[in-house]
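K.L.:
The sequence shown begins at 90 in our numbering and counts up one residue at a time.
Would you mind keeping the following structure in view while I ask a few things?
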Amino acid sequence: MRFGLDRMRRMMTALGSPERRYDTIHVLGTNGKSSTTRMTAAILERHGLRTGAYLSPHLVSYRERVLVGERDLDADAFAASIARASWAAERVNRTLAEDDHVTQFELLTAAALWQMAEQGVEVAVVEAGLGGRYDATSVIDARVTVLTNIGLEHTRWLGPTVKDIAEEKLAVVRPHATLVLGADLAAPALAVAERVADERQASIVRPRAAHPATTLRARGAFQGRNFALAREAAAAYLSSAGIPLREQQVAEAAAATEVPGRLQLLGDHPPTVLDAAHNPDAVAALLESLPEVLGGGPLALVLGVLEDKDAAAMLGALLPVCARAWFTAPPSSRALSPAALQSRARQLGFEAAACEPRPARALALARRWAHEHAGAVLATGSVYLVGDLLGRLQRPAAPADRWSAEG
């Protein structure tokens, strides 16, 4: 991780400034960014615009990070964009100090911005990675900036308070832009937003309640809030382009937009949900909506968390609703050990837990238990965990049941 925009700006120059060939909307926040990005792009696409989206991180394939017309890039287009960005990175690296170089996220961002220009995108909805001020995506000049919410995450880099984090994220707001703010924004963050908007002569928009006729394909009450935010972001952009917002197109986007890895139901025997919630606020949103997906019955938990996350708070929210737990390790060098999760669970008085480092086997054991006890399964805690499990689903099936306890 290397902060600063100098490398990214040099990359854009080497690539011919592709980010200037289309309009952009910038989506920032702690939770809900990917959902809001997908939904905003879907609304704009249905208003006749050729729309792109840049998302991070991915679940299974890097190609998921770039959508054009709501579809992942095909393999050839993705390969071409990486080759072009790698060429630019080599040129830039030759101009840098020996201990400096283009990062992976900068290369991926440059590849995405270049490919969307090549694809003739008219407007791109771009999700920020970490923070805002020095995030690689901040080379864009967005007409509309969206702030979903602010939580205490990545405090080592963004600052120890909600106010500090809001300052870092909202540093990207451009003069005379429209700033769309999430309904649940904490008071310190709202105060920063109002001050920044006043300094930069930007207008502030807050989401209204969803239209009563709007039916969301994405599950969960939190997705209703994300969609209301996406609607306002799309409306702000369309207004700036002289295009009226049409509720029929908004409703079509709501009914069609899926969000992989968020309350994703794998099957009913037993009911099994994957959710990439990886901080306490996301877990709270998950638990708010879980009953509508799983209903009643005892719940088996499969949990894998990275070591820089607030595992104690996540366990404190999840364990009271669970009858049994399997702690596992997401496929990352930063994974918190299952034994550490089990120790923290015991400190909270929860003993019905086991450690299984292999995510697929942990899920198989949880599914077997849920089947025997007429219960359900929730696998959560990390994008890496959900991505690993979904990736196994997409591989050719083995002769035996891929979710068997022996698999």
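Think of the CB as a built atom: it goes at the ideal place given N, C-alpha and C, for glycine as much as any other residue.
Give me the Cα-Cα distance between Arg435 and Val394, rounded to the nearest whole angstrom.
P.N.:
Taking the straight line joining both Cα atoms gives about 17 Å.
K.L.:
Going by DSSP, what residue range makes up the beta strand (DSSP E) through Gln353?
P.N.:
From DSSP, the beta strand (DSSP E) with Gln353 extends over 353-357.
K.L.:
Quick check: the Cα distance between Glu396 and Val262, rounded to an integer number of angstroms?
P.N.:
For Glu396 and Val262, the distance between alpha carbons rounds to 32 Å.
K.L.:
Would you say Leu185 and Arg96 are within 9 Å of each other, going by their C-beta atoms?
P.N.:
In contact: Leu185 and Arg96 (Cβ atoms closer than 9 Å).
K.L.:
Quick one: measure Cβ to Cβ for Leu354 and Val372, integer angstroms, because I've assumed they're closer than 8 Å.
P.N.:
18 Å between Cβ atoms; not a contact.
K.L.:
Between the alpha carbons of Gly405 and Thr417, how many angstroms are there, rounded?
P.N.:
Going by the C-alpha atoms only, they are around 17 Å apart.
K.L.:
Nearest by alpha-carbon distance to Glu159: which of Glu134, Arg152, Ala177 is it?
P.N.:
Of the candidates Glu134, Arg152, Ala177, the one whose C-alpha sits nearest the C-alpha of Glu159 is Glu134.
K.L.:
In the DSSP assignment, find the unbroken beta strand (DSSP E) run with Gly105 in it and report its ends.
P.N.:
No beta strand (DSSP E) holds Gly105; DSSP gives it neither H nor E.
K.L.:
Are the Cβ atoms of Val235 and Thr102 separated by less than 9 Å?
P.N.:
It is not a contact, given that the beta carbons lie outside the stated cut-off.
K.L.:
Ala441: which of Leu305, Pro409, Leu279 sits nearest, CA to CA?
P.N.:
That would be Pro409, whose Cα lies nearest to the Cα of Ala441.
K.L.:
Which residue from Phe316, Met128, Pro387, Asn182 puts its Cα closest to that of Trp458?
P.N.:
It is Pro387.
K.L.:
Cutting at 8 Å between CB atoms, please list the residues of its own chain near His460, excluding the five before and the five after it.
P.N.:
For His460, where only same-chain residues beyond five positions count, the Cβ hits under 8 Å are His358, Pro359.
K.L.:
What is the residue span of the beta strand (DSSP E) that Ile229 lies within?
P.N.:
Unbroken run through Ile229: none, as it is neither H nor E.
K.L.:
Below 9 Å between beta carbons: does that hold for Ile293 and Ala282?
P.N.:
A contact, by the Cβ cut-off of 9 Å.
K.L.:
Hey, Thr304 and Ala343 are a contact pair by Cβ (cut 8 Å); roughly how many whole angstroms apart?
P.N.:
At roughly 6 Å, the Cβ-Cβ gap stays under 8 Å, so Thr304 and Ala343 are in contact.
K.L.:
Can you pull the DSSP bridge partners for Pro360?
P.N.:
Answer by DSSP bridge pairing, in chain order: Asp357.
K.L.:
For the alpha helix (DSSP H) holding Ala434, just list the boundary residues, first then last.
P.N.:
Here the alpha helix (DSSP H) through Ala434 covers 427-436.
K.L.:
Less than 6 Å between C-beta atoms, sequence neighbours within five positions excluded: which residues of the same chain meet that for Thr140?
P.N.:
Only Ala130, Leu133, Glu134, Val212 meet the Cβ criterion.
K.L.:
For Phe92, name the three-state secondary structure that DSSP assigns.
P.N.:
Correct three-state label for Phe92: coil.
K.L.:
State the DSSP-derived secondary structure class of Ser378, mapped to helix, strand or coil.
P.N.:
Looking at Ser378 - three-state DSSP - the assignment turns out to be helix.
K.L.:
Express the C-alpha separation of Ser106 and Ala178 in angstroms, rounding to a whole number.
P.N.:
Roughly 14 Å between the two C-alpha positions.
K.L.:
What does DSSP give as the partner residue(s) for Phe416 in the beta ladder?
P.N.:
For Phe416, which the question treats as bridged, DSSP gives the partners Leu392, Cys444.
K.L.:
Excluding the five sequence neighbours on either side, which residues of its own chain have a C-beta within less than 6 Å of the C-beta of Ala286, listed in chain order?
P.N.:
Excluding sequence neighbours, Ala286 sits near Leu268, Ile293.
K.L.:
Alpha carbon to alpha carbon, how far is Asn120 from Thr250? Give it in angstroms, no decimals.
P.N.:
Roughly 16 Å between the two C-alpha positions.
K.L.:
How many angstroms separate the CA atom of Ala451 from the CA atom of Leu425?
P.N.:
Going from the Cα of Ala451 to the Cα of Leu425 covers about 15 Å.
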